[in-house]
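Student:
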Amino acid sequence: MTLLCRMLNLRVTYHRQASAALDLSALDITAGERLAVIGESGSGKTTLARALAGLLPETARCEGEIRWTSEMPPQPGRDLGFVFQDPSSSLNPVLTVGEQVAEGARQHLNLSWSQAFRHARDLVASVGIPDPDSALNAYPHQFSGGQRQRIAIAAALSARPSILVADEITSALDMVVQAQLVALLDELVRQAAMTLIFVTHDIALASGLADRLVILKDGRLVECGATAQVLERPQSDYTRALIASHRTLSSRSLLPGSAE
Ligand SMILES: Nc1ncnc2c1ncn2[C@@H]1O[C@H](COP(=O)(O)OP(=O)(O)OP(=O)(O)O)[C@@H](O)[C@H]1O
Ligand SMILES: [Mg+2]
Numbered sequence: 010m011t012l013l014c015r016m017l018n019l020r021v022t023y024h025r026q027a028s029a030a031l032d033l034s035a036l037d038i039t040a041g042e043r044l045a046v047i048g049e050s051g052s053g054k055t056t057l058a059r060a061l062a063g064l065l066p067e068t069a070r071c072e073g074e075i076r077w078t079s080e081m082p083p084q085p086g087r088d089l090g091f092v093f094q095d096p097s098s099s100l101n102p103v104l105t106v107g108e109q110v111a112e113g114a115r116q117h118l119n120l121s122w123s124q125a126f127r128h129a130r131d132l133v134a135s136v137g138i139p140d141p142d143s144a145l146n147a148y149p150h151q152f153s154g155g156q157r158q159r160i161a162i163a164a165a166l167s168a169r170p171s172i173l174v175a176d177e178i179t180s181a182l183d184m185v186v187q188a189q190l191v192a193l194l195d196e197l198v199r200q201a202a203m204t205l206i207f208v209t210h211d212i213a214l215a216s217g218l219a220d221r222l223v224i225l226k227d228g229r230l231v232e233c234g235a236t237a238q239v240l241e242r243p244q245s246d247y248t249r250a251l252i253a254s255h256r257t258l259s260s261r262s263l264l265p266g267s268a269e
C-alpha cells in the first residue's frame, strides 16, 4: 500500500466563522483506495474534499498541512477530477456536452480538438449515456439529473486523473439512480485504478463502494477504519447511531452478504 497523502493538523476556518469547519489531527490516504467521507450536513465533508483538491474558496483559511507523496500536489482538472454535489456547478449550461467533456483532454493530454472530441465520445459512452454522438452536441439541460451527473463524471475524467473526488453526487437523485451511479463509479474507478474520495451522508451507499470509511461530525474525525470493521465494530456512539438510524429507515443490511 502506497501512501498518497498525509493530512496533519488540518484546520479550515471560513471568514467570520468562530469555529473551524474542519479540524483533523491526522488522516492518511492510500493510493488506489476508495475512501468514503461520511457525515451529516455541515460536518465538514465538502471542506475536506475541497481542501484536498486545493479548491477551497478564498474566504477559507487553511492551516496545517497536506503532504503529498508526489513531487507536486495534484492539479485539479488534470491529476484530480472533482464532481460537485450540484451538477450545475460541474457543468456549464452554455457549452455543449462535447465541449465540456473534451476540454480536459485537449488541455492536458495534448490532443487536438478533433482527437479530444473522439476521446469525449468514448467517455460519454463509457458513463452510459445513450446515443453518445448526438449527446456531444446537446446541452446539459437536455438531460435528466442522473444523466447530468454521468456527464459531469465524464468531464471530470477527461484528462485521465488518478484521483476522483465525488462530493454528494447522488444526493439530489432517487434511490434507483443513486445505486446506478454508485455502480458506475465502482466500475470506472476499478478500470482505471483510480483513488476515489466519495463524499456522502449515506453510510449505506458508502458501504457498498468504499474500502474505508471516515466519519466526520462538527468538523472532527469521529471514526476511521476499514468498511467492514466500522460496520461490525463501530468504536463511537455516533457511528453506532448512524448505523442504527439507517437500519430503522431501511431493511437493507449494510454489510453485503449478511442476512438480517
Ligand atoms: N463558503 C463558506 N463560508 C462560510 N462558512 C462555510 C462555507 N462553506 C461551509 N461553511 C461552513 O462550514 C461548515 C462545514 O461545511 P461543509 O460544507 O464542509 O459541510 P458538509 O458536510 O459538506 O455539509 P453538506 O452535507 O450540507 O454539504 C458548516 O458549518 C458550514 O456552514
Ligand atoms: Mg457538502
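Be aware that the sequence shown starts at 10, since it is given in this note's numbering, and climbs by one per residue.
For glycine and all other residues, C-beta sits at the position ideal for the given N, C-alpha and C.
1) Which residue wins for smallest C-alpha separation from Asp131, given the options Tyr148, Ala111, His117 and Ala147?
2) Within the chosen definition, does the stretch 222-229 reach the stretch 42-58 through at least 3 CB pairs nearer than 8 Å?
3) Assign Ala268 to one of three DSSP states: helix, strand, or coil.
4) In the stretch 32-100, which residue ranges form an unbroken beta strand (DSSP E) of at least 3 residues, counting only runs that do not cross its ends?
5) For Arg242, which three-state DSSP category applies?
6) Counting beta carbon pairs with one atom in the stretch 73-80 and one in the stretch 115-127, are three or more of them shorter than 8 Å?
7) Determine, using beta carbons only, whether Arg76 comes closer than 7 Å to chain C.
8) Out of Leu17, Glu49 and Leu36, state which residue places its alpha-carbon closest to the alpha-carbon of Gly180.
9) Put Ile178 into one of helix, strand or coil per three-state DSSP.
10) Using C-beta distances below 7 Å, list every residue in its chain close to Asp195, excluding the 5 sequence neighbours before and after it, in chain order.
11) Between the stretch 83-98 and the stretch 154-168, can you find at least three pairs of beta-carbon atoms closer than 8 Å?
12) If you follow the beta strand (DSSP E) that Ala235 is in, where does it begin and where does it stop?
13) How long is the line joining the alpha carbons of Gly51 and His24, rounded to whole angstroms?
14) Per DSSP, what are the beta-bridge partners of Val191 in this structure?
15) With H, G and I counted as helix, E and B as strand and the rest as coil, what does DSSP make of Arg20?
16) Starting from the Cα of Leu173, find the closest Cα among Ile206, Val231 and Met10 and give me that residue.
17) So the beta strand (DSSP E) Ile224 belongs to, where does it begin and stop?
18) Taking 6 Å as the cut-off, does the CB of Lys277 come closer than this to any heavy atom belonging to ligand 1?
19) Measuring only from the beta carbon, is Thr56 closer than 6 Å to any heavy atom that is part of ligand 1?
20) What residue from Tyr247, Ala202, Ala164 and Glu241 has the CA that sits closest to Ser216's CA?
21) Which partner residues of Leu173 appear in the DSSP bridge assignment?
22) What does a CB cutoff of less than 8 Å around Ala161 pick up in its chain, not counting 5 residues either side in sequence?
Tutor: This is what the structure holds:
1) Shortest Cα-Cα distance from Asp131 to any of Tyr148, Ala111, His117 and Ala147 involves Ala111.
2) The answer is yes - the stretch 42-58 touches the stretch 222-229, with three or more Cβ pairs under 8 Å.
3) Unreliable positioning characterises Ala268 in this predicted model, as indicated by a pLDDT of 44, which lies under 50. The coordinate reading is nonetheless provided below. Ala268: coil per DSSP, three-state reduction.
4) With a minimum length of 3 residues, the unbroken runs of beta strand (DSSP E) contained wholly in the stretch 32-100 fall at 43-47, 69-77 and 89-92.
5) For Arg242, the secondary structure class from DSSP, reduced to helix, strand or coil, is coil.
6) Because the criterion of three Cβ pairs below 8 Å is not met, the stretch 115-127 and the stretch 73-80 do not touch.
7) The displayed structure is made up of one protein chain only, and chain C is not part of it.
8) Note on residue identity: the sequence assigns Ser, not Gly, to residue 180. Measuring from the Cα of Ser180, the nearest candidate turns out to be Glu49.
9) Ile178 falls in the coil class under three-state DSSP.
10) If we look at Asp195 and ignore the five residues flanking it on each side, its Cβ neighbours are Leu218.
11) By the Cβ rule, the stretch 154-168 counts as touching the stretch 83-98, because three or more pairs are nearer than 8 Å.
12) For Ala235, the uninterrupted beta strand (DSSP E) segment begins and ends at Arg229 to Ala235.
13) Gly51 and His24 have their C-alpha atoms spaced approximately 16 Å apart.
14) Paired residue(s): none; Val191 is not in a bridge.
15) Collapsing the DSSP output to three states places Arg20 in a strand.
16) Out of Ile206, Val231 and Met10, Ile206 has the C-alpha closest to the C-alpha of Leu173.
17) Residues Arg221 to Lys226.
18) Nothing can be reported for residue 277: it is not among the residues displayed for the chain, which extend from 10 to 269.
19) Indeed, a heavy atom of ligand 1 lies less than 6 Å from the Cβ.
20) Answer by Cα proximity: Glu241.
21) BP columns for Leu173 point to Gly90 and Leu205.
22) Within the same chain, Ala161 has close Cβ partners Val92, Phe93, Pro96, Ser99, Leu100 and Ile178.
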